[in-house]
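The sequence shown begins at 1 in the UniProt record's numbering and counts up by one.
Some notes on the structure that comes next.
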Amino acid sequence: MMLRLGMVQTVVLSSPEAAHEALKTHNVDCSGRSPSAGPRLLSYGYKDVIFSPYGEYVQEMRKLFILELLSRRRVQAACYARDAQAEKLVKNLTSIGTKPVLVPDYISATLDGIFGSFVFGGNRAAEKFKGQLVPVMNEAVDMLSSFSAEDFFANAAGCLFDHVTGIKARRQRIFKKLDGFFEQVIEHYVNEDPTRKKLDDNCGSALVEELIDLWKKRNKITKDHVKAILMDTFVAGNDTSAITINWAMAELIRHPRVLKKVQEEIRTEVGKKERVQNEDMSKLNYFRMVVKETLRLRIPAALLVPRETLRKIQIAGYEIPAKTRVIVNAWAIARDLNVWKDPEEFYPERFEDTDIDFNGAHFELLPFGSGRRICPGMDMGVANVEFILANMLYCFNWELPPGMNIEDLSMEEEGSLTIRKKTPLILVPTRYTAYQ
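Written as structure tokens, this is what we have:
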């Protein structure tokens, strides 16, 4: 679908075939980024990975980001943090007894703990900055998803509108708060803790430490680059994982058959243990189908981060001019009747006889994008979702509060940049004690 949003020519792609053409056939030519006031400010002038215009710089930074900062090796190395936070989650929920709990609060606290350990390391920095990160990041995400006239009218009129309406002042206020937080973090590692012992990668070293080391060793990397990459990591890493686990729990409660089947698999494969361990994860085939189905039906971000064509191309036989904004509607693709039978149904078994996955190679399912702009934190996010969800399902039986039926469970959505459950999920956990 071609349309003009203000002064910006835009094409919206809502089928796997069109997405394949844009993200694979024309991968390089569709790897640009449209200028945007919010991302430009928060990324310190496009010094990050997610929002930077395509070119030699972003290729080098993506390679750095994926190979050194968020590699599969480091994802595995971070398992100590996941295990520690899973243990804490189980203890906290067990102490509640059989009282109703706000599930999103426990999920967010657990993921914040994992994220804090991964970013700040296993030292006092994680405690020092505990509680400061989430409020700042929530404001940043809200700003990125809010309207800005400059994004559609790249002239004095757009700039004036944002100034008069207070949008520009709000951007500056949030940026100042975010920048102040990053300054505190960097100052802690550079000045306040000079004798710290860097953790071995086998246990999971701090992401901030790695970035500061790169800043010191590489002439091209400045303090603003460190801040911009931290912004990418914080904004993209935590919110979507929490949303996915929350939706998975809601869908499982609505579908008792699936809940029973996945819990039986986990408890059979894991055996009589206190918790699910990292080595158990590869045995959970049906569980992985549940995660895939959650990412399909309840995709965290309906629209992928917009791209921009670098030159004239053709998609589905239509000529797309250079500098056209390209929006991939991942939500519509995940509900395409030509691909998915009964797409509105939560049915994990649909993945039994197909190799469709969310790794960017299959354009029927694109929660993390594809090609040169695929989400660099995909492996870390999926590992966190799977491990925490598996432990929640293994360690507890889950029910709705007394007097509440499945039909009463609201599945209404809200959000713009990400799609979350509007009504908080309240459930009653009962400790599973077979391991004893």
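Built from N, CA and C at the ideal position, the CB exists for glycine as well.
query: Span of the alpha helix (DSSP H), counted from its first residue to its last, around TRP340; result: Where TRP340 is concerned, there is no enclosing alpha helix (DSSP H), given that its DSSP letter is neither H nor E.
query: Reduced DSSP category for LEU144 - H, G, I as helix; E, B as strand; rest coil; result: helix
query: PHE358 - containing alpha helix (DSSP H), residue span; result: Element bounds for PHE358: n/a, residue is neither H nor E.
query: Minimum length 4: unbroken alpha helix (DSSP H) runs contained in the stretch 23 to 103; result: 37 to 42, 56 to 64, 72 to 77, 79 to 96
query: Delimiting residues of the beta strand (DSSP E) encompassing THR10; result: 8 to 13
query: Reference SER146, options LEU160, ARG171, PRO135, closest by Cα; result: ARG171
query: Proximity below 8 Å, CB of LEU427 to CB of VAL103; result: yes
query: Beta strand (DSSP E) segment containing LEU417, residue limits; result: Premise fails: LEU417 is in no beta strand (DSSP E) and is neither H nor E.
query: Nearest residue (CA-CA) to GLN432, options ARG298, LYS47, LYS273, LEU304; result: Contrary to the premise, residue 432 reads as Tyr rather than Gln in this sequence. It is LYS273 whose Cα lies nearest to the Cα of TYR432.
query: Assigned secondary structure, MET1 (DSSP; H/G/I helix, E/B strand, else coil); result: coil
query: Of the listed residues GLU183, ILE107, LEU144, nearest to ASN246 (C-alpha basis); result: ILE107
query: Backbone CA spacing between GLU210 and ILE221 [nearest angstrom]; result: 12 Å
query: HIS26 burial status per 10 Å Cβ neighbour count (16 or more: buried); result: buried
query: The beta strand (DSSP E) enclosing PRO429, as first and last residue numbers; result: 426 to 431
query: Alpha-carbon to alpha-carbon, ALA228 and LEU160; result: 27 Å
query: Residues that DSSP places opposite ILE320 in a beta bridge; result: ILE313
query: Nearest neighbour of ALA390, chosen from PRO35, LYS283, LYS341 [CA to CA]; result: LYS283
query: CB of SER370 within 8 Å of CB of LEU13, strictly; result: no
query: Beta-carbon separation (whole angstroms), PRO376 vs VAL49, contact threshold 8 Å; result: 6 Å
query: Length of the line joining the Cα atoms of GLY6 and PHE152; result: 5 Å
query: Sub-8 Å separation of GLN9 and THR324 beta-carbons; result: yes
query: Identity of the residue in GLU319, LEU304, TYR318, PHE351 nearest ILE333 by Cα; result: LEU304
query: Expected contact under 8 Å - CB spacing of LEU417 and ALA301 to nearest Å; result: 7 Å
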